[in-house]
Every structure is written in C-alpha cells, then in structure tokens.
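The structure under discussion appears below in the form of structure tokens.
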Ligand SMILES: C[S@@+](CC[C@H](N)C(=O)[O-])C[C@H]1O[C@@H](n2cnc3c(N)ncnc32)[C@H](O)[C@@H]1O
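In this note's numbering, the protein residues as written are 1 to 548.
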C-alpha cells in the first residue's frame, strides 16, 4: 500500500502537475480520500494508487475547496486527459451540472428518498449533488472503472459525504446494492455503449433477464438499455428514477425493451427529449433524453415533451400526457413529441377513424416498378400503383379515377408454384435478372421472405402524399391503385360508406396546413403516419351531416 502520510500536501504547482496525467489524478484522489472514511478501496483501485506517481500529491486544499464550491475539477481533468475515443468503450461522458441539478430536483419534488443509487457514477456528479440535497440519505455509487471510482471517492470525501457513502467498484448489472427499507432513488447517466462492444455473456444476461420478466429483447440493445433493465431488477415498487441517456431508443427496434418497461414495470412518468441543436454532452452528437420513472407506477399516461435548450429542463414535471395504451401501440415515440393540434368541437383525431400506413418499400424501385402492362411479366403480378407523389398532386379534384398514367409494382406470389407454366417461366426469368442487378442483396430484400415478395397492402380508399413543400394531397382512390412509400394509405378502422369517405377526404384537403407536420431545413414538411393520425377530422356524426 502506498505511504501517503509522507506526502507534502501544500504545493499548488504540484497539484497542477497531478492533473496532467492519470497517475497523477489517482495520486491526488488518494490524497483526498485518505482524509476520510472511504479508504477501503478495491484491488483495482489499490493497484492504480500503487502504480501512481505519488511522490507528492500537491496542495489538495485548493482542489477540495473547488469541490466544496460545487465544481468537479477531478472529473474535468479526467475528461480532458482521456480522449473521447478512449472513453467510448466505457461510455464515459460526464453530465453537465444543469442536467444533474434538474434530475436531482425532480426527485426532491417527490420527497426524501432513504437511499440514492448512482449507476455508472463516473466522478460521482449525481451522488454528490444528491448527497448534498438529501441530508439523511445513504449513497451508493457503482462504477466499473477504478480510476473513475477513485475520483468519485475523492469527491464524496471532499464534499463531506463519505460517512454515508459506499462506492461499489464493479458492474452495475450484477452489483450488490444491499438492502434499503425506504425509497431508493436511482439517478444517473447510464453508459452509452453500442451492442457490438458488449460481451456475449452480457447479451445473454440481457436476453434471459428480459425474458424472465416477459419483456421483448433484441441483442442489438446498447449498454444504456442494459442499465434500465438492471435498475428494474434492483428496484422495488415505489422507488424513483431519473436517467439521462441518448434518445434513439424511442424509435429503434431494440429500444422496444425500454419502451415496454416504461409503459409497464418501470413506471415511466415523463420523457424529455432535448433538441439535437442543444448538444448537452461535449464531443457527442447524440440527441439526449431525460427519463423519469416511479417503479411499479400504474399511472395511465406518461408526460412527454421536446425541450429546445438545456435550461428548459429545469422543470421535469412538464409535458403533454400520452396514454400508456397508445404508447404501447406506437412503434416510434418521437413523432408523439410534436405538439398535437387542438381538436375542435365535433372533431376527432383522424387516427380514431382510420389507420395511416406507409406505402410499400420495394428495396429497389428500378427493379420492382415497371410499365403497367409489361408483357415480360405475368399480368397477375403487376399491380398499378402510385409511385410518384406528383400522380396524387395532379389528380383532378382530388380523385384518382383510373390507372391511366400509373406504373405497376411487381409483386410475385411468395409461392411461385401458384403460377402456370408460362407465368412461372416469366417470373423465373425476371428473378434471375433482378438477382443479377443486385435486387436480392438490398437490405429490404434480405429482410423479407421470400426476397421477391414486395408484399403490397390492399388498395387504400384514401391516399395521401406526406413530404413536400406544400400541404399533403388527399386523394380518393376510386381506381383501387396500390402505393409505394411516396404516399401513405388511409384505411378506415371500421367500414365507412363511399359518401363518408368522400367527405373525409374533402375535409382533410381543406383542413390541413403544413403547420401540422414536421418542417425540415428548406421548408420541406413531412407527415409521419402517426402525425397524420393526429389531424383533426369531423367525428362520424358530423361526417354524416356534412355528407348530406
Ligand atoms: C455516461 S458516464 C456517466 C458518468 C457520471 N455518472 C456522470 O453523469 O457524470 C457512464 C459511466 O458508467 C461507467 N460504466 C460503464 N460500464 C459500466 C458497468 N457495466 N457498470 C458500472 N459502471 C459502468 C463508465 O466508466 C462511466 O463512468
């Protein structure tokens, strides 16, 4: 063990020097830790301390003072010394104080927890802030990186919190947090590590732990998702949590595990997504989200909002309530963040009457779209379709009466034995050519079974464009054309008569402005299906009245 008693602790120049190497930081941290009670360090930390250049730890008083004033000079030095590239495999990105304050403030507004757990504590920004806020709470910081753990111990000691703190050096997923009779508040910034850097043993842990809870799982989930699941496993009903993490989980397939946890056992209370321009984490380009939860809560809704600036996070009780039932049905959550248009008296969101579906994605339009009567293909595999938005914008009076001018999508049956000999010959000749042109190796083709089956939906009675510098065109599809993904299809949930559909299409044409969609640079406005489903339309009674 190092003999730090011999150190000279009053030299500010030495302190600056310590901040310029990881070994120096370890020495400086140990000098601070030695003043308190968190000295019972792990073997990995001891190893670092022993290897550290500890001839002198410098004048720690200045560092201790800075910590007592609310700074994190040790954490700042760590981030400076270890490049972003080196920190990436551990997902080590430290949280700015405004975000830490807002999240701890959210917990404070809910009472006094008996214990704070800071998972992946880094230098302990959350543990220290929470320790100062909750004067009777015990503190548990869990950190895998021994140097970060030393910084955390030093911070807790300098802040005078060491007497009620414990630093666990190990993996949060299997950490023993000990018992707590009161409410535990989990607060922190789970490491963002992509799945290909996660060892198979932990992927297996994720799969079996999620399955044990009946939750859907994907091996593509990153470490932040592992931390949420670990929290659910560590927590008891009534425990609180506030985590800041990236926001991609809202829309990607592997994020479904977290989405389901929030609508179920983890008890999501609110989700706040920071606009990408806010860039709260230096050196990273990810969109951030702050997620607040109360384990086991059965509240029927989750508050959700988009936040333009970090300072707007200060009140984490804000947001628009979205029913958990609805959230369970949505595959992507970020479209729900755009504020819903007010629904006037007598109107309902389109989604109550109809589902809006994207058009088919062929994977290679040059292969799968051809002229309407292509003689080289079986007639029954040719489906006249809207393949250009212009075909809808140009439909006179918002009505598509015939297939004239439309091209066709080639949608062969999954089982080619359904075709007669001549048709089969044509189909096989086409598929050989398509394969030669690379159509089989496209991402979309590789993910469908069989690779040639485009899988068109039935004709939608109303078709809508969804991306343009003008409001969408809503067109009554009397022709029965199919559509690729240049247009959405609007399908009534229950049978609607032709009259009602005409009135509905007319109402959409007259009532929709670009303000209801999402506008991108250059004024391009896009309506995702879920955004289109929020457009107010007359309710069935009013539709019937207007149809007279
Ligand atoms: C995003 S940083 C957050 C640091 C600190 N909580 C903050 O917000 O300033 C994530 C931290 O988790 C640690 N970490 C990574 N994997 C871990 C694991 N499996 N168990 C515990 N900690 C881990 C990293 O070393 C890093 O310090």
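All C-beta atoms in this analysis are idealised placements derived from N, C-alpha and C, irrespective of residue type, glycine included.
Note that the structure is predicted; figures quoted are calculated from it, not measured.
Under the rule that 16 or more other beta-carbon atoms within 10 Å means buried, what is residue i, buried or exposed?
i, result
"residue 505", "buried"
"residue 72", "buried"
"residue 70", "exposed"
"residue 308", "exposed"
"residue 324", "buried"
"residue 459", "buried"
"residue 317", "exposed"
"residue 329", "exposed"
"residue 270", "buried"
"residue 414", "exposed"
"residue 118", "buried"
"residue 401", "exposed"
"residue 399", "exposed"
"residue 129", "buried"
"residue 422", "exposed"
"residue 442", "buried"
"residue 411", "buried"
"residue 379", "exposed"
Regarding residue i and ligand 1, is the C-beta to nearest heavy atom distance less than 7 Å?
i, result
"residue 310", "no"
"residue 126", "yes"
"residue 45", "no"
"residue 91", "yes"
"residue 122", "yes"
"residue 172", "yes"
"residue 223", "yes"
"residue 231", "no"
"residue 102", "no"
"residue 144", "yes"
"residue 241", "no"
"residue 191", "yes"
"residue 148", "yes"
"residue 94", "yes"
"residue 188", "yes"
"residue 118", "yes"
So, for residue i: in the same chain, excluding its five sequence neighbours on each side, which residues have a beta-carbon less than 8 Å away from its beta-carbon?
i, result
"residue 462", "354, 474, 475, 476, 477, 489, 490, 501, 504, 505, 508"
"residue 144", "90, 120, 169, 170, 171, 172"
"residue 225", "206, 249, 254, 255, 257, 258"
Just the Cα atoms here: how many angstroms apart are residue i and residue j?
i, j, result
"residue 241", "residue 257", "17 Å"
"residue 534", "residue 92", "39 Å"
"residue 289", "residue 244", "6 Å"
"residue 394", "residue 407", "15 Å"
"residue 291", "residue 305", "11 Å"
"residue 331", "residue 255", "10 Å"
"residue 434", "residue 426", "12 Å"
"residue 370", "residue 228", "48 Å"
"residue 163", "residue 261", "34 Å"
"residue 78", "residue 36", "22 Å"
"residue 272", "residue 46", "40 Å"
"residue 344", "residue 468", "26 Å"
"residue 152", "residue 122", "7 Å"
"residue 133", "residue 361", "53 Å"
"residue 267", "residue 221", "20 Å"
"residue 439", "residue 364", "6 Å"
"residue 537", "residue 334", "23 Å"
Quick one: what's got a C-beta closer than 7 Å to residue i's C-beta in the same chain, skipping five residues either side?
i, result
"residue 358", "485, 488, 529"
"residue 539", "346, 347, 348"
"residue 322", "301, 302, 304, 336"
"residue 480", "459"
"residue 175", "142, 168"
"residue 367", "434, 437, 439"
Who are the near neighbours of residue i in its chain, counting only those whose CB is closer than 6 Å to its CB and skipping five residues on each side?
i, result
"residue 98", "310"
"residue 387", "369, 407, 484"
"residue 20", "none"
| task | Give, in chain order, every unbroken run of the alpha helix (DSSP H) that is at least 4 residues long and sits entirely within the region 346-388. | result | 350-353, 365-368
| message | If we require 4 or more residues per run, which alpha helix (DSSP H) segments fall completely within the region 97-152? | response | 97-108, 125-133
| field | Start-end ranges of the alpha helix (DSSP H) lying completely within the region 217-260, minimum 4 residues | value | Counting only runs of 4 or more, we get 223-234.
| query | Can you give, in chain order, each stretch of the alpha helix (DSSP H) that sits fully within the region 412-493 and has at least 4 residues? | reply | 421-436, 443-446
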